[in-house]
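K.L.:
In the numbering used here, the protein residues as written are 321 to 522. Quick one: this structure, given as structure tokens, is what I'll be asking you about.
Structure below.
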């Protein structure tokens with residue numbers, strides 16, 4: 321557990337701290353990503369405790385990458401560069417050039433050079449914004465289904481996501497977000513749970 325952020329067994333019940341500073345800021349952070357593939361949900365949209373809110377377990381993929389944390393207009397943004405390696409075990413870090421621009425600015429102006437991922441964190445919504453060869457703007461809202469179009473180069477693909485669980489804990493120098501979903505990427509189905517932990521870097 322990095323930076324003392326409590327993530328395990330967070331669940332969707334009860335209030336979670338969602339800290340906001342008095343003024344906008346930008347910080348360099350380390351981001352840890354933990355992902356577990358889940359069995360597709362065939363029941364109600366209420367997540368099972370053993371799946372959607374249980375501890376990350378065997379079969380998880382873990383990676384770390386440097387990024388930028390920005391707060392602006394009542395939301396937190398995380399931005400990082402790079403792609404998963406084919407092994408899925410680590411993250412490939414691109415050049416840090418352009419990191420000094422705010423993540424929110426990148427989200428608005430269409431991104432800089434290379435592949436970029438932005439996570440917009442709000443109390444009841446998580447938005448994943450991708451720029452680069454793969455582009456999309458995907459929203460997660462607990463117990464809701466959202467749709468978007470992903471572009472792989474110039475090829476469009478419909479994406480449909482039902483969010484099984486979403487919660488965030490944000491503190492002054494660290495945070496954690498957990499989301500679980502059932503998704504349809506074109507003809508391919510996917511069910512997974514993802515934790516994003518982040519903390520200020522030196």
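Virtual Cβ for every residue (Gly too), placed ideally from N, Cα, C.
1) Kindly indicate which three-state DSSP category residue 519 falls into: helix, strand or coil?
2) Would residue 512 pass as a contact of residue 380 if the rule is Cβ separation under 8 Å?
3) Can you give the beta carbon distance from residue 492 to residue 339, rounded, assuming they're within the 8 Å contact cut?
4) Can the beta-carbon of residue 398 be found closer than 8 Å to that of residue 505?
5) For residue 442, I'd like the list of residues in its chain whose CB is within less than 6 Å of its CB, leaving aside the five on either flank, ordered along the chain.
6) Taking all protein chains shown into account, do 16 or more other C-beta atoms lie within 10 angstroms of the C-beta of residue 502, making it buried, or fewer, making it exposed?
7) Between which two residues does the beta strand (DSSP E) holding residue 493 run?
8) Check whether the Cβ atoms of residue 463 and residue 349 lie closer than 8 Å to each other.
9) Go through its chain and collect everything with a Cβ distance to residue 470's Cβ below 6 Å, but skip five positions before and after it.
10) Determine, using beta carbons only, whether residue 385 and residue 438 come nearer to each other than 8 Å.
P.N.:
Working from what's here:
1) strand
2) no
3) 6 Å
4) no
5) 395
6) buried
7) Where residue 493 is concerned, there is no enclosing beta strand (DSSP E), given that its DSSP letter is neither H nor E.
8) no
9) 456, 477, 479
10) no
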